[in-house]
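Asker:
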Amino acid sequence: MPMPSETVGNAVQRARQRVVDITGRVRHAGVMVLGRPAAHEWHRDLIRDAARRLGRDPDRHVLSATTHVNASNLSPQYIDQQRATLSEAQFQALVECGEMPTEGQVFADWSTDPWPAGNLLADFAYDPTLPTTAAIDLGRGSPHVLFIQPVERPLPD
453 MPMPSETVGN AVQRARQRVV DITGRVRHAG VMVLGRPAAH EWHRDLIRDA ARRLGRDPDR
513 HVLSATTHVN ASNLSPQYID QQRATLSEAQ FQALVECGEM PTEGQVFADW STDPWPAGNL
573 LADFAYDPTL PTTAAIDLGR GSPHVLFIQP VERPLPD
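Numbering (my numbering), first residue to last: 453 to 609.
#1: How close, in whole Å, do the beta carbons of T585 and I600 come, if the pair is a contact with beta carbons under 8 Å?
#2: If you draw a straight line from the alpha carbon of G507 to that of R535, how long is it in whole angstroms?
#3: Measuring straight from C-alpha to C-alpha, what distance separates L546 and D579?
#4: On the three-state DSSP scale, how would you describe L538?
#5: Do you know how far the Cα of V603 is from the Cα of S563?
#6: In the DSSP output, what is T585 paired with across the bridge?
#7: Would you kindly work out how many angstroms separate the C-alpha atoms of Q544 and G476, rounded to a whole number?
#8: How about D565 and L573: do their beta carbons lie closer than 9 Å?
So this is what it looks like as structure tokens:
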């Protein structure tokens with residue numbers, strides 16, 4: 453399901469507001485977008501633009517940290533193992549926090565054809581009693597939310 457284009461505008465509006473936490477402290481609302489660096493991080497640019505419009509330091513809201521920052525919580529060989537396992541581009545993106553264009557897809561065999569040839573159920577009905585996973589894909593200007601629920605189906609003969 454496509455996310456509405458007003459999502460970022462709503463986040464900017466909420467960032468102007470204040471919230472009261474459980475201890476009674478007044479805090480500014482915030483927006484957090486998590487993800488690995490990509491070559492075209494349009495959502496990061498939108499957050500920076502929103503910060504500028506609010507008169508705040510735009511770079512204060514965009515944080516980057518390499519794996520070295522967390523090295524004390526990792527095995528001594530972790531970074532070397534990653535270097536040996538990953539391609540140079542993947543290592544730079546995932547360990548050194550460098551930018552890398554998105555490649556491929558999470559599910560190599562994902563298909564939008566109907567079951568059993570694909571992964572979509574034509575007669576699917578949402579069941580609020582089942583666990584639901586929402587995956588947010590910020591994409592490259594076309595964000596989507598994918599809702600996933602476990603459904604038992606007999607395998608085709």
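A virtual CB, placed ideally from N, CA and C, is assigned to each residue, including glycine.
Answerer: Here's the rundown:
#1: The Cβ separation is near 4 Å, so the contact holds.
#2: In this structure, the alpha-carbon of G507 lies about 41 Å from that of R535.
#3: Using only the alpha carbons, I get a separation of about 36 Å.
#4: Residue state, collapsed to three classes: coil.
#5: C-alpha separation (whole angstroms): 17 Å.
#6: I600.
#7: Distance from the CA of Q544 to the CA of G476, rounded to the nearest whole angstrom, comes to 43 Å.
#8: Result no, Cβ atoms of D565 and L573 do not sit closer than 9 Å.
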